[in-house]
Each structure stands twice: as structure tokens, then as C-alpha cells.
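S.K.: Top line first, the protein sequences correspond to chains A and B. Going by my numbering, the first sequence opens with residue 1, and the numbers climb by one from there. Going by my numbering, the second sequence opens with residue 1, and the numbers climb by one from there. Ideal Cβ placement from N, Cα and C applies to all residues, glycine included.
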Amino acid sequence: MKKSNSIWFNLDWITVLLYLILVFLGWINIYAAVYSDEHQSILDIGQKYGKQLIWIVAGIFLAIMVLTIDSRFFTAFAYHIYGITILLLVAVLFIGKEVNGAKAWFEFGGIALQPAELAKFATNLALAKCISQFEFKIQKLRSYIILIVIILVPALLIILQNDTGSALVFAVFVFVFFREGMNGMVLFWGFSAAALFILSLLLDQFDLTIFLLIISLAAFGVLRQSVKEPLIGFGVLAGTFIAIWGIDNVAGLGGTPMQLIIVTTAINALLLIAYGIFRHVAEVWRIILFFIFAVCISVSVNYFYSNVMEPHQRDRIDQVLGRKVDKLGKGYNVNQSKIAIGSGGIIGKGFLKGTQTKYNFVPEQSTDFIFCTVGEEWGFVGATTVVGLFLLLLIRLVTVAERQRSQFSRIYGYGVACILFFHIAINVSMTIGLAPVIGIPLPFFSYGGSSLWAFTILLFIFLRLDASRTKNLR
Amino acid sequence: MDLFSKRKYLIIGLFSLVSLIIVIRLFYIQVIDSSYKISAASNVLRREINYPARGVIYDRNGKLLVFNQAAYDVLITPRELKSFDTLSFCHLVGVDKSELINEINKAKSYSRFKPSPIIKQLSSQMYAVLQEQLFKYPGFFIQARTLRQYPSKIAAHVLGYVGEVDQKIIDGNPYYENGDYIGRSGIEKIYEEQLRGVKGISYKMVDVHQIVKGSFENGRLDTAAVIGKNLVSTLNADLQSYGERLLSGKVGSIVAIEPSTGEILVLASSPTFDPGLFVGRERSKNFAKLLNDPYKPMLNRAVTSSYPPGSTFKLANALIGLQYGILQTVRFSCAGKGSSPIKCTHSHESPLPLISAIRESCNSFFWQAFKSEINHFAKPADGLVSFRKSLLEMGIGKKIGGDLFSETSGSIPSVAYYNKYYGAGGWNALTIRSLSIGQGEMLVTPLQLSNMVALIANRGYYISPHLVRGIQENNIALDSLHFEKHIVSAGAANYEMIVDGMEQVVENGTGRTTAKLDSLTVCGKTGTIQNPHGEAHSAFVAFAPKINPKIAIAVYIENGVWGAKYAAPIASLIIEKYLKGKIAPRRQHFEDAMINSDLISTMKIEHGD
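As C-alpha cells, then:
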């Protein structure tokens, strides 16, 4: 039978299903976000949700088109696609249309196209092609330089368009390099130090402490080569916190969240020390030392920031980190977004019952801040479900990437996962005040044809490659 | 085959870790922290307040004393402001540019999203002009308010004024909030709850532009505004106005009471002011001016100031002696050993019985009466305790008003007071003799004096003097107000003796030239109060007619030289006007003299009073 060679047979339907679910959820949330009594029909193409449906249908056609292309096309023309995209990025600087201060759009008779969106999969293709070359050895300095150039050219062109958010996405390819053999320790230590520094400034002590606790647990797991131990540790930690929170509520002690977490940490440190002593686990001491060391760094970074730096230096950092708390000015969006999500409670206000998003308190509510509608109308349960669906998709993509016979396909697959990951993490984090406001869309959710099509093409090229995973593509 | 395939776990771990952080954060802001829910409610709901019209106040004959007039506040929502022609706007509303900019900045610092008033109490004329031009000024809107209006500019002290609530009031009473108005003095304050009505509150769902999208929960939480109730005052507006005219140029007060009901007909304090000064945009300027006036026009002297009562007090002294049963038949000489040390100031037949002593206002008689009253008990202290108790029963030296704002109690010195100065047992009737003729440490308010006369006119009771007789809703009278009746039993015959004495004062005594009216028996008593700081004060108390009295009055003129000089003519003119409707031609010169006399410009200002 020819069946085993059929695209439809080999297509990864799990990913397709997740894609369809997410696109559908995005669509009904756009409907909820801009819903008003005057325009109730979800099919009204005068409204954003009506248009989004058109984008979705068109996107599915695009996906089918991508699937009908021979997979060898992508390996053969990876560099060409990359080159054309670079030309478009240059061209848009001269003949593009300016929207919201970013000169990033081509307009062809009502349809807007953003070359920066194309650059994501084009760069991904080029990187996959480059790394999968037989003679390419990633640990060489020359190799690093080539890879950095491939990334930096589109990134810099996008920065010139005044769209820093989209440019930052390209940093995420380091994870792909890591998977392909880049020296892990360099990545790990560089990343940790930078992250700790930024997080110390960005998060309040409460969030940071939770973050460090989880990091410590994860590190413990790595050192012990165990998944079970950090999981148990996390369970105990969360259990203790919920118990203390419950006691505090029932007894009406009125402890601040910070006080609760300090008590939790202290109890768990004692438990961990006891575990270390009785089970002779030497790593316990290293982890406790690591935790204390990290806390010290975070406290001293804050001290340095507030007592050593000049005010204008602080301002600059605040602007970069989006830390200026100006609830009515620059911070207005985030504050309103947090109010919308926070007011959702556990199960949310119900479909179309959200008041914050519906009455336009949240700006950009159907594009960059679409997650607010999820949080407000579907509550913690709904928001967690959406985050969970995204995580499932990412894990599925990694799994599918790992089963590729061809390195090209695997690299491209990791690229897709990492690009999606960056968008999801940053977009959701900014709506809940965890990340500075960087104007990047939530994949499959945010309103807009250009980004939906770009993500669709990005994803379905990988699915096309996967459908011929038995071939060795280079 | 692949050296690094285990790294997929690290990458999956990273994805999971970030997801976990997001979920924990979501749990924190959605489940643990409730502050966002509160913010969300205030974001979406707009409380709209519907201010009911404040009740109006009538005089006892249905004449309007206070009514409402529309005024307009200009509000801005800073977020919606666009640049506009400030100069022409300032011209429209009559403010200068720096003031406008200052107000706009204040509004911005309060909130960029909530409206705040920047120009208050715009007149109807300005409103009419501004409304046509308003489309040029996005972010500006107008809110209607009502202002108090006073058709005859009288009774400023009685009516009081309305002002914006301050933080202290807001903290103390949950009904009020920023921008609300409240009665700050007088009837406006005492009857605040009836006058204000109940403001209505409706909750509207709004979007970020404050545009109303519908009512909240179908108006389940909305409350309707209840219009303020109207008050019928006890004042007689014409008589009040006449009293204020008679007081012009003098510092003093008039209190006239209808004895049978305790209703205050006139309550005038001079100098006074136009109650309309406290309304409108000049309000704070006017307020400061009145506050700094050395004659203290805002002080309601009729109920707040207390003075020595002088000879008018002899009536109370006599009543106590009659209650003890020691003055009915006794005669005291104004010469000889018993009279020492208080001698009579003028010559008359001697010794005198009580009625004649009242007519002659014989100091010597009333000192000896007082001595007998104090020595009626074993110890002087017991005598004073009983004397003071009797006075308090008569409503002298304590608050008696039913609904009076800023009333003070005056003071009758107690045993403790004298013990402090002279030591227990170190004093006797002689030491405190000046009380007998209403001088010395005793202080009473003009209100208490007029109430004392009402008690005598009623021959044995008084009703707490008050300013409001009824409350109306939609012009239908609600149940009328009840004020306490106080009985002071001293025997009807004894009251008649005092009444006869008072009749004698006007017929043949100190009041005969100034207070005697044709075919109407006025019963009165003069008082000339020694004043160490300047001219003596002039006091007169009276009621009329003798049988079935309709009016009891007290007039107190600071530095009025002697009782019959200002107080007696003023009191008698008011009685005449009230009971006869007009002033007899032969007495017209009194009216002219009173209205035109000016004591203030020649008066030395007393400080620290």
C-alpha cells in the first residue's frame, strides 16, 4: 500500500489537534474581548472576531498548501527563503507602512504583511540547513560566528524597524544550539547570572524567593540525577505553604505573603537538612549553600540598585525592565491587565461576563493582551488550562523533533518549539506583570492575520518535514 | 547515535519551569490576592449620585425664608482633555488663566480618569453661554447643583448656612462623601437630616471612557433620591425684619417668644449679615471678612453671648422669695441698718412692699429679700444651693432651647465657686450680695431672659423655646414637633404679684415714658447693667398683653447706657408692631431714633470677650 507514504497518514495529528484547539480558543476569546450588545453574531465580519475567522480559514488553507509541498523543497531552498526575507526586511524600511511607531508592514490592497513574522521561520530554516551540513562542527569558534551572523542580520533589521520585541525572539535560538551540542555550562552560568540579576530587580522578594526555591529544587534534581526527589520536594514545599496559608487564614493572623513564604522556607530547610543527615545526602549542603548565595546576590543587587546607582541610571534600567510603576502612565496597561486577570478568581466570571476587558479597560485586549480575557472570564482554571495546552504543544514538538531521522528536521523542530516558547512565556508573563511589556503576540490566540499565518506556516513546515521523517534530509 | 539527546529533558524542563512560574503567579493574583477584585469593581462601576433638592424654610405665616436656586459646577476628566483655547474659556467662565491651570493640575493629580470639579457654582447666565460652547472643550462637563437663596436677607443667625463637608464630617458619618453639602450652623445644621433628604445612588457600568453601558445588576442596588422636607419656622418674618432694623447700628439682641407655645417669633442678633454671602463663588472671601470683623457679626449674641442680667433679674429673685413664702407681705426699707450696704439710687417712698419695689427697682429691697432667701436655711451654702436650684428650674443658667444652634448655658455661680475664693464657710449672703440685683458673677443669655418673662407671662410654666414648628413633605404637614413643658410652681397668686409689679413698671415706673402703649397693658422690667469696660448695658424684658399674653420679649443692648434708653423702646416697638400691626404716631419718633441711632461707630472695641 501507498498508505505509509501518505502525508495524511504520517501527519502528527496530536499537534494538529492542539493547534486547532488553541486557534479556536483564541477566536472565542477575541469574540469575548470585543463583544458588545450591538454586535452579537460571532460571524459578523465587520468585527474583529469575524475577521479572525477569515484569517483562521485562510490559515488552514495555507497549512494545507504547506503540507502539499515536497519536504525537500525546504532543505533545497532554505537559504533562498532566508535571502528573500532579508531583502524584504530591508525593503520594508524604505517602502513600508508605519503602524504604532514601527515601520514593519507591507500593505497589499487591505492585507497587511509583516516580514518580521516571515523572518522567524526563514531564519529557522537557514539555521537548520547550516547546522545540519555534514562538515559543520558546532563547537568551533568559526561555527559560532556563522550562526550569530545568521541570527543577527534579521534581528538588527527588525530593531531598525523599531520593533525590539520581535527582534528579541531571535535570542531564543541559543536553546536550539544547546540541543545541538553547544557547551552547556557556558549557557547555564551566563544565563543564570543574567537571570538572577534581572529577576532581582524585576520581581519583588516574594516572587523571587519562590523562584529561587524552585530553581534550587531543580538543581538538586540535576545533581542527584533524580526526577523523583525534586518532585517530592516541590510537593512538600507547596503543601507546607498551602497549610500555613490555611492556618493563617483560619486563625486570622493576617500574615503577609512574604511572611508566609519565609516560614515555609524555614520549615522546609529544616526538613531538607534532616533528610541530608539521615540519608547521608551530601548534595543537600550544596543546594542550601546555593540558595543562601542566590538570596544574598539578589539582596545585594537590590542594595546596589537603590543605594549605589545614580537616579538616571536607575531610570534607564527601570525603563528597560518596565519597572517604572506608574499606574496611570506607562504602567497603566500592565496594571489594568493584572486587575482583569486577578478579578477572574478561581473559575472566572464566565464567557462574555468579563467586565474589565469588555469595557476597554485593558488596551490591546484582542492582540497582545488577549490572555486577560482568558484570565478574567475563565479564571485560574481556564488560564492554567491554556498554559497547560501550550506546554503540551511544546513538549509534543520536542518529542516529535527528537524522533526525526534527519538533523535538519530536528533542528527546525526545536526552532519552532523555542520560538513558540518565547512568545508564550513573554506574552503571558507581561500580562501578569512578570515580564516587561514587549509587544509580541500570543501564538494562535492574538488577533491578526499576519502573525497567525506566520505561526501556522512555521508550525506546518515542521509537520510537513515530520511527515517524511524517514527520509534523511539535508 | 546522538550525544546530546538527553538535553531534550533540560529543554522540556525549562518549558515546564516557566509554565510552573506562570501558574504560581496566576494562583497568587487570582486566588490569594483579593485586591485586584476590588480594583476591578471600582474600574467598571460608576456611582452616580442624584442630589435631591434641599428642603425650603418658611416663616410661621408661609413666607419663604430660604429656597433653592440652580447653580452649575464645571468638571473635567483630565484623560479626555484635548488642548483648547484657554483664553476664550477663561473669558466664558470668568476666571483667570493661572487659576484655571492651577485647578486643572489639581484635578490631574487627583485622578486622570475620574472627574473633578474645577469651577464651582457657576451662575445660570454663565452656564447658558458655556453650554453652547462646551463642544469645543472635550473632557469638560457640567453638573447641576442647588444653592440656597434668601429672598429677604434676614435671620442669618437663625437659618445658618450650608457648606461643603470636610474630612472630619466624612470620617464621622458614612452618609457624606467628598463634594456633598451639609448644614453647618443654625436651622440648616440642627434640621440637616430633614432638610437634606436622601441622595439617590445608582450604579452604572461604564467603559474606560466613562461612557455608560447600562445599569449594574438591573439597578438592584440603586436607591432613589428622596427630596428634602420643608420646614415651617416659628419666626415671624416681618417682625424679625423689623427687629433687625431696630437693632441696626447697635451691638445687641432681641428674643421674642410666644409664651403659650415656646415658639420664637424673633431671634435677632446685631451686627448681622446677609446670609447670601455664604453662597456662591465669593463665599470664602466673604467668610474671611466676616470672621475678621471686630464686632463678630457671625456670633449669635441672642443665644451664645451671656451677660449679667442686672435689674431684670429682680423678677427671678422675687419669685424665689415668694416660693419661700417670705415676700408676700414684707416691706423693706431702703434706709437704715438692714439695707446696708446696698442703698437705693433714687428717692422714693420707703419702706416698700414687693409690687412697689419692682416698680421702683429698689436695689435695697431686693438685697434684703436675697438675704432673707439665703438665710432661710441654716447655712449660707444651703441657701445658695436652693437659690441656684430654683433659678435652674426657671431655665436660668442652663440650656433651655429645643432646637437652637450654638446655645450656651450662661452661669449661676455655685457653692463650690465661692468656696474656692473664700473657703467653705468663709462667705455669707453679704459676700455674694451682688447676685441679688443681677450683677457680679452671674451670666445669662438674652434667650434665658425672654424665657423667664414667658414663664411669668404663663404664670408657672414654659415650653422649651424653639425655632421650627412643623415639618412638611410635599406641602403636607407631617406631625408637628413637640417640645418639653417645664412647670415651675410658685402659686398663681404669687405670679400675679410679679405681673402686677411689672405692669406698674410700665404704667408708672422706669418704663413709663418709653414702653407704655395705648390701650394695651404691657408688663415689663428695665435693667441697667454696670459695665467696668464702658457705658452700662441696656436691658428690657416684657410681655403683653397682661391677660392672655401673646408675646414675651427680652432686648439687650451692649453699652446702651440705661434700660429705658434703647432696650425698652425697641421691645415696646416690637410688641406694638406685633399686637397692633402699626406704630402709633405719637411713638413714631422712637422708631426713627432706634433705626437711626449708631452706637457702633463711637464704641470702643472690647478685646478678649
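Alpha carbon to alpha carbon, how far is R405 of chain A from D248 of chain A?
M.R.: If you number the first sequence from 1, residue 405 of chain A lands on position 405. If you number the first sequence from 1, residue 248 of chain A lands on position 248. Whole-angstrom Cα-Cα distance: 55 Å.
S.K.: Can you tell me whether V181 of chain B is buried or exposed? The criterion is at least 16 other CB atoms within 10 Å of its CB, across all chains shown.
M.R.: For the purposes of this step, residue 181 of chain B is taken as the residue at position 181 of the second sequence. According to the sequence as given, residue 181 of chain B is Tyr; it is not Val. Buried: at least 16 other Cβ atoms inside 10 Å.
S.K.: Measure from the C-beta of G139 of chain B to each C-beta in chain A and report whether the shortest distance is under 8 Å.
M.R.: Here residue 139 of chain B refers to the residue found at position 139 of the second sequence. No, its Cβ sits nowhere closer than 8 Å to a Cβ of chain A.
S.K.: Closer than 7 Å by beta-carbon distance: list the chain A residues that pair up with D33 of chain B, in chain order.
M.R.: As a first step, residue 33 of chain B must be located in the second sequence, where it is residue number 33. Those are G342, listed as they occur along chain A.
S.K.: Distance cutoff 8 Å, beta carbons only. Does A381 of chain B sit that close to anything in chain A?
M.R.: Working through the second sequence from its first residue, we reach residue 381 of chain B at position 381. Judged by the 8 Å Cβ criterion, A381 of chain B is not in contact with chain A.
S.K.: Since A454 of chain B contacts G511 of chain B with CB under 8 Å, what's their CB separation in whole angstroms?
M.R.: Position 454 of the second sequence, counting from 1, holds the residue named residue 454 of chain B. Position 511 of the second sequence, counting from 1, holds the residue named residue 511 of chain B. Wrong, their Cβ atoms sit about 18 Å apart, outside the cutoff.
S.K.: Does K228 of chain A come within less than 8 Å of chain B when only Cβ atoms are used?
M.R.: The sequence position of residue 228 of chain A within the first sequence is 228, counting from 1. No, because no Cβ of chain B sits closer than 8 Å to the Cβ of K228 of chain A.
S.K.: Starting from Y161 of chain B, find everything on chain A with Cβ-Cβ shorter than 8 Å and list it in chain order.
M.R.: Along the second sequence, read from residue 1 onward, the residue named residue 161 of chain B stands at position 161. The premise fails here: Y161 of chain B is roughly 37 Å from chain A at the closest Cβ pair, so nothing lies under 8 Å.
S.K.: What does K338 of chain A touch in chain B if you count any residue whose Cβ is under 8 Å from its own?
M.R.: In the first sequence, counting from the first residue as 1, residue 338 of chain A sits at position 338. Simply I29, Y36.
S.K.: Out of A:A167, A:T385, A:S337, A:A155, state which residue places its alpha-carbon closest to the alpha-carbon of V362 of chain A.
M.R.: Within the first sequence, the letter at position 362 stands for residue 362 of chain A. If we check each option's Cα against that of V362 of chain A, A:S337 comes out closest.
S.K.: What number of angstroms, rounded off, separates the C-alpha of D332 of chain B from the C-alpha of L352 of chain B?
M.R.: On the second sequence, residue 332 of chain B is found 332 positions in, with the first residue counted as 1. On the second sequence, residue 352 of chain B is found 352 positions in, with the first residue counted as 1. Checking the sequence, you will find Phe at residue 332 of chain B rather than Asp. Near 6 Å, if we compare the C-alpha coordinates of L352 of chain B and F332 of chain B.
S.K.: Taking all protein chains shown into account, decide if W285 of chain A is buried (16 or more other Cβ within 10 angstroms of its Cβ) or exposed.
M.R.: Against the first sequence, residue 285 of chain A aligns to sequence position 285. The residue in question, W285 of chain A, is exposed, as its Cβ has fewer than 16 Cβ neighbours within 10 Å.
S.K.: Return yes when at least one heavy atom of the ligand FAD lies under 7 Å from the C-beta of G186 of chain B, else no.
M.R.: Inclusion of the ligand FAD in the displayed structure is not the case, the ligand content being empty and no account of it being possible.
S.K.: Just to confirm, are G501 of chain B and A539 of chain B a CB contact at a threshold of 8 Å?
M.R.: Position 501 of the second sequence, counted from the first residue, corresponds to residue 501 of chain B. Position 539 of the second sequence, counted from the first residue, corresponds to residue 539 of chain B. Result no, Cβ atoms of G501 of chain B and A539 of chain B do not sit closer than 8 Å.
S.K.: Are V162 of chain B and G179 of chain B closer than 8 Å when you measure CB to CB?
M.R.: Counted from its first residue, the second sequence places residue 162 of chain B at position 162. Counted from its first residue, the second sequence places residue 179 of chain B at position 179. No. Outside cutoff.
S.K.: Name, in chain order, the residues that DSSP records as bridge partners for F178 of chain A.
M.R.: Locating residue 178 of chain A in the first sequence gives position 178, counting from the first residue. The partner list for F178 of chain A (beta bridge, DSSP) is empty, contrary to what the question assumes.
S.K.: Measuring only the C-alpha atoms, how far is I374 of chain B from L231 of chain B?
M.R.: Numbered from its first residue, the second sequence carries residue 374 of chain B at position 374. Numbered from its first residue, the second sequence carries residue 231 of chain B at position 231. Looking at the two C-alpha atoms, the distance is approximately 46 Å.
S.K.: At which residue ranges does the segment 339 to 407 of chain A contain complete alpha helix (DSSP H) runs of 4 or more residues, listed in the order of the chain?
M.R.: Complete alpha helix (DSSP H) runs here, min 4: 370 to 402.
S.K.: Checking 8 Å against the spacing of the C-beta atoms, do E164 of chain B and I170 of chain B come in under that value?
M.R.: Residue mapping note: residue 164 of chain B aligns to position 164 of the second sequence, counting from 1. Residue mapping note: residue 170 of chain B aligns to position 170 of the second sequence, counting from 1. No.
S.K.: Which value, in whole angstroms, describes the spacing of the CA atoms of I254 of chain B and N428 of chain B?
M.R.: The sequence position of residue 254 of chain B within the second sequence is 254, counting from 1. The sequence position of residue 428 of chain B within the second sequence is 428, counting from 1. Distance between the alpha carbons of I254 of chain B and N428 of chain B is about 35 Å.
S.K.: Counting only beta-carbon separations shorter than 8 Å, does V325 of chain A have a partner in chain B?
M.R.: Start at 1 with the first residue of the first sequence, and residue 325 of chain A comes out as number 325. Residue placement at V325 of chain A cannot be trusted, given a pLDDT of 48 that sits under 50; the coordinates are not used to answer.
S.K.: Using the Cβ count rule (16 or more neighbours within 10 Å means buried), how would you classify F304 of chain A?
M.R.: Along the first sequence, read from residue 1 onward, the residue named residue 304 of chain A stands at position 304. By the neighbour-count rule (16 or more Cβ atoms within 10 Å), F304 of chain A is not buried but exposed.
S.K.: Write down every uninterrupted run of the alpha helix (DSSP H) in the segment 58 to 132 of chain B whose length is 4 residues or greater and which is fully enclosed by it, in chain order.
M.R.: Segments of the alpha helix (DSSP H) lying fully in the segment 58 to 132 of chain B: 86 to 93, 97 to 110.
S.K.: Check for me: the beta strand (DSSP E) holding I326 of chain B runs from which residue to which?
M.R.: Counted from its first residue, the second sequence places residue 326 of chain B at position 326. Note, I326 of chain B: premise wrong, no beta strand (DSSP E); not H, not E.
S.K.: Which of helix, strand or coil does DSSP assign to A225 of chain B?
M.R.: Your numbering for residue 225 of chain B matches position 225 in the second sequence. Here A225 of chain B sits in coil by DSSP.
S.K.: Is L8 of chain B close to chain A, meaning its C-beta is less than 8 Å from at least one C-beta of that chain?
M.R.: As a position in the second sequence, residue 8 of chain B is number 8, starting the count at 1. The residue you asked about is not Leu; residue 8 of chain B is Lys in the sequence shown. Yes, K8 of chain B counts as interfacial toward chain A.
S.K.: DSSP on G449 of chain A, reduced to helix/strand/coil?
M.R.: For the purposes of this step, residue 449 of chain A is identified with residue 449 of the first sequence, where counting begins at 1. Of the three classes helix, strand and coil, the one that applies to G449 of chain A here is helix, per DSSP.
S.K.: Give the single residue among B:E192, B:N50, B:S411, B:N508 whose Cα lies nearest to the Cα of Y203 of chain B.
M.R.: As a working mapping, residue 203 of chain B is identified with position 203 in the second sequence. When only C-alpha atoms are compared, the closest one is B:N50.
S.K.: Kindly indicate if chain B contains any beta-carbon less than 8 Å away from that of F462 of chain A.
M.R.: Residue 462 of chain A sits at position 462 when you count from the first residue of the first sequence. Judged by the 8 Å Cβ criterion, F462 of chain A is not in contact with chain B.
S.K.: Counting only runs that start and end within the segment 445 to 533 of chain B, where is the beta strand (DSSP E) found for 3 or more residues in a row?
M.R.: Runs of the beta strand (DSSP E) inside the segment 445 to 533 of chain B: 461 to 463, 468 to 473, 485 to 487, 523 to 529.
S.K.: Verify the CB distance criterion: does L81 of chain B have a CB-CB separation below 8 Å to chain A?
M.R.: Numbered from its first residue, the second sequence carries residue 81 of chain B at position 81. False, the Cβ-Cβ gap to chain A never drops below 8 Å.
S.K.: Rounded to whole angstroms, how far is the Cβ of I95 of chain A from the Cβ of A122 of chain A, which I believe are closer than 8 Å?
M.R.: As a working mapping, residue 95 of chain A is identified with position 95 in the first sequence. As a working mapping, residue 122 of chain A is identified with position 122 in the first sequence. Actually they are not in contact, since the Cβ atoms of I95 of chain A and A122 of chain A sit about 19 Å apart, beyond 8 Å.
S.K.: Have a look at G62 of chain B and G243 of chain B and give me their C-alpha separation to the nearest angstrom.
M.R.: As a first step, residue 62 of chain B is located in the second sequence; it is residue number 62 there, counting from the start. As a first step, residue 243 of chain B is located in the second sequence; it is residue number 243 there, counting from the start. Computed Cα separation, rounded: 19 Å.
S.K.: Under DSSP, the alpha helix (DSSP H) around Q149 of chain B begins and ends at which residues?
M.R.: In the second sequence, the residue the question calls residue 149 of chain B occupies position 149. Note, Q149 of chain B: premise wrong, no alpha helix (DSSP H); beta strand (DSSP E) at 140 to 149.
S.K.: Among the residues of its own chain, which have a CB less than 6 Å from the CB of G26 of chain A, if the five just before and after it don't count?
M.R.: Locating residue 26 of chain A in the first sequence gives position 26, counting from the first residue. So the list reads F444, F445, once near-sequence residues are dropped.
S.K.: Considering only residues of the same chain and omitting the five flanking positions on each side of G338 of chain B, which have a CB-CB separation below 6 Å?
M.R.: Translated into positions along the second sequence, residue 338 of chain B becomes position 338. Excluding positions up to five away in sequence, the list reads Q368.
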